[in-house]
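First up is the structure itself, then whatever we jot down about it.
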Amino acid sequence: MLIIPYSAELSLAKPPLVTYAVILLCLIIYYMQDTNRADIIQATQPFCNQLYDETLDQNDLDFLSTQKSTCVGFIYNMHSQPDKSIIDHWIKKENDKSHIYSDEELEDVIQIAKQHYNNFSLEAPASLDAKLMYNPASWNPIRTISSALSHASWWHVIGNLIFFFAFAAAIETLLARKLHYIGFMIMVALITDITYSLTIAINNSPPIPSLGLSGVVSGVIGLSAFLMPKARIRTFIWVIVFFVRAFPMPAWILALWFIGWDAYNLMAYSDHGGINLVAHVSGGVAGYLYGFFFLKNRREEIQDELNDEIEYMKSTRNKQFATTNSYKLLQRGRQVSTKYPRAGRKARIRKLQPKTVSIS
167 MLIIPYSAEL SLAKPPLVTY AVILLCLIIY YMQDTNRADI IQATQPFCNQ LYDETLDQND
227 LDFLSTQKST CVGFIYNMHS QPDKSIIDHW IKKENDKSHI YSDEELEDVI QIAKQHYNNF
287 SLEAPASLDA KLMYNPASWN PIRTISSALS HASWWHVIGN LIFFFAFAAA IETLLARKLH
347 YIGFMIMVAL ITDITYSLTI AINNSPPIPS LGLSGVVSGV IGLSAFLMPK ARIRTFIWVI
407 VFFVRAFPMP AWILALWFIG WDAYNLMAYS DHGGINLVAH VSGGVAGYLY GFFFLKNRRE
467 EIQDELNDEI EYMKSTRNKQ FATTNSYKLL QRGRQVSTKY PRAGRKARIR KLQPKTVSIS
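Given below as structure tokens:
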């Protein structure tokens with residue numbers, strides 16, 4: 167089952183300008199990333215073509231010169247890494263799977279690959295990804311902000327921003343002060359990256375860089391579970407291949423669903439498919455705890471007005487649902503009139519009409 171939230175069922179008094187600004191900034195930055203990546207690929211392909219030597223054996227120590235496709239992917243990915251020392255981990259990990267090289271040969275393989283990359287980096291355009299990503303070994307707070315605003319693909323940025331808007335627009339309105347809202351998002355981003363760095367350090371894992379707004383998104387979801395738990399979030403729901411129409415769900419249920427599943431996957435599996443679940447879970451927990459410790463008074467201040475708004479939106483939704491049902495019933499009555507004899511047709515329509523009138 168796929169659940170995609172897209173907006174809060176609340177009428178906002180003012181447009182969420184900060185939320186719009188974050189969305190626009192993410193889109194602009196990703197467009198710049200995408201353009202930069204195309205330039206790097208354009209430089210990578212001729213470099214690997216020049217490097218290729220068909221006379222070499224496939225198991226030669228200079229594997230970048232024997233396999234064009236491997237060369238392009240390796241050089242491109244290497245160029246986008248903020249920490250180039252990760253090259254050792256990559257090559258050793260691949261060799262553990264294939265067992266092509268001995269331990270003695272592996273050191274020479276790594277040195278040859280590094281030399282090729284150094285030659286490439288002298289002429290290739292600088293990688294914007296490498297400048298924006300957060301390296302967990304660096305503990306760099308500036309990269310925390312830049313990495314949150316950058317993304318890996320168009321699907322990545324669009325998915326994050328849809329989830330972000332669904333919760334963040336209402337949170338911005340409820341917090342009232344824009345600086346408070348901005349400070350909250352920065353705090354969550356810092357906590358998620360610090361937690362990720364601690365996890366890498368404790369487990370002695372390779373410093374795989376991170377990017378994306380998902381940690382902040384989880385923080386906003388966690389805060390919504392505290393600040394507006396009963397507010398409904400409009401969602402699209404897919405079950406297998408069947409589409410189910412939009413359905414409003416309480417914020418606390420969605421928070422429990424999304425953050426709970428991420429927590430389960432984080433503990434149950436070691437391979438997370440390149441997804442930084444540490445950031446997801448730590449962001450969600452940080453968002454809720456921030457509300458619990460610092461926003462109790464604010465929740466009490468807005469509670470009556472928020473409850474009134476929730477009830478109003480609920481009654482509006484019920485009226486719309488009733489109107490839709492009455493229209494469907496009326497249409498069914500018209501369809502029946504084409505299938506039954508005159509006497510039966512009138513009798514069936516008379517049974518439908520009072521119900522239709524009373525509903526509308």
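Take 167 as the starting number for the sequence shown in the numbering used here and just add one per residue.
Where is the CB? At the ideal position from N, CA and C, for every residue including glycine.
Quick check on residue i: does DSSP put it in helix, strand or coil?
i: residue 168; result: strand
i: residue 258; result: helix
i: residue 415; result: strand
i: residue 268; result: coil
i: residue 174; result: strand
i: residue 224; result: coil
i: residue 481; result: helix
i: residue 325; result: helix
i: residue 441; result: coil
i: residue 423; result: helix
i: residue 435; result: coil
i: residue 336; result: helix
i: residue 180; result: coil
i: residue 249; result: coil
i: residue 291; result: coil
i: residue 316; result: coil
i: residue 461; result: coil
i: residue 306; result: coil
How long is the line joining the alpha carbons of residue i and residue j, rounded to whole angstroms?
i: residue 470; j: residue 394; result: 11 Å
i: residue 228; j: residue 447; result: 41 Å
i: residue 179; j: residue 339; result: 8 Å
i: residue 175; j: residue 329; result: 14 Å
i: residue 221; j: residue 233; result: 12 Å
i: residue 507; j: residue 483; result: Residue confidence for residue 507 is low, a pLDDT of 38 falling below 50, so the modelled location carries little weight and cannot support an answer.
i: residue 237; j: residue 276; result: 13 Å
i: residue 353; j: residue 310; result: 10 Å
i: residue 235; j: residue 300; result: 27 Å
i: residue 129; j: residue 472; result: No information on residue 129 is available, as it lies outside the stretch 167 to 526 that the chain covers here.
i: residue 272; j: residue 187; result: 48 Å
i: residue 289; j: residue 458; result: 52 Å
i: residue 415; j: residue 399; result: 5 Å
i: residue 367; j: residue 445; result: 15 Å
i: residue 177; j: residue 397; result: 11 Å
i: residue 257; j: residue 389; result: 41 Å
i: residue 342; j: residue 348; result: 11 Å
i: residue 467; j: residue 345; result: 19 Å
Taking the DSSP output, what are the residues bridged to residue i?
i: residue 376; result: 300
Should residue i be counted as a contact of the ligand ADP given a C-beta to heavy atom distance under 6 Å?
i: residue 215; result: Ligands displayed in this structure: none; no statement on the ligand ADP is therefore possible.
Which residue comes first and which comes last in the beta strand (DSSP E) that contains residue i?
i: residue 401; result: 398 to 405
Considering residue i, what are the terminal residues of the alpha helix (DSSP H) in which it resides?
i: residue 394; result: Here residue 394 belongs to no alpha helix (DSSP H), and DSSP marks it neither H nor E.
i: residue 149; result: Absent from the model: residue 149. The displayed extent of the chain is 167 to 526, so no value can be given.
i: residue 201; result: 183 to 217
i: residue 229; result: Per DSSP, residue 229 belongs to no alpha helix (DSSP H) and is neither H nor E.
i: residue 234; result: 234 to 245
Between the options, which has its C-alpha nearest residue i's C-alpha?
i: residue 173; options: 401, 288 and 455; result: 401
i: residue 306; options: 324, 360 and 282; result: 360
i: residue 225; options: 266, 241, 261 and 196; result: 266
i: residue 322; options: 284, 282 and 195; result: 195
i: residue 381; options: 317, 247 and 214; result: 317
i: residue 122; options: 399, 442, 387 and 423; result: Since the first and last residues shown for the chain are 167 and 526, residue 122 lies out of range.
i: residue 298; options: 185, 332, 376 and 399; result: 376
i: residue 122; options: 485, 384 and 207; result: This structure cannot settle anything about residue 122, because the visible part of the chain is limited to 167 through 526.
i: residue 240; options: 262, 223, 214 and 453; result: 214
i: residue 417; options: 366, 337 and 223; result: 337
i: residue 302; options: 449, 286 and 248; result: 248
i: residue 284; options: 245, 308 and 261; result: 245
i: residue 325; options: 171, 486 and 485; result: 171
i: residue 291; options: 327, 308, 203 and 256; result: 203
i: residue 424; options: 355, 270, 435 and 451; result: 451
i: residue 185; options: 334, 192 and 198; result: 334
i: residue 440; options: 312, 389, 372 and 466; result: 372
i: residue 355; options: 421, 313, 259 and 368; result: 313
i: residue 320; options: 168, 182, 193 and 478; result: 193
i: residue 365; options: 379, 433 and 207; result: 433
Counting only C-beta atoms, is residue i closer than 7 Å to chain D at any point?
i: residue 344; result: Note that chain D does not occur in the displayed structure, where there is just one protein chain.
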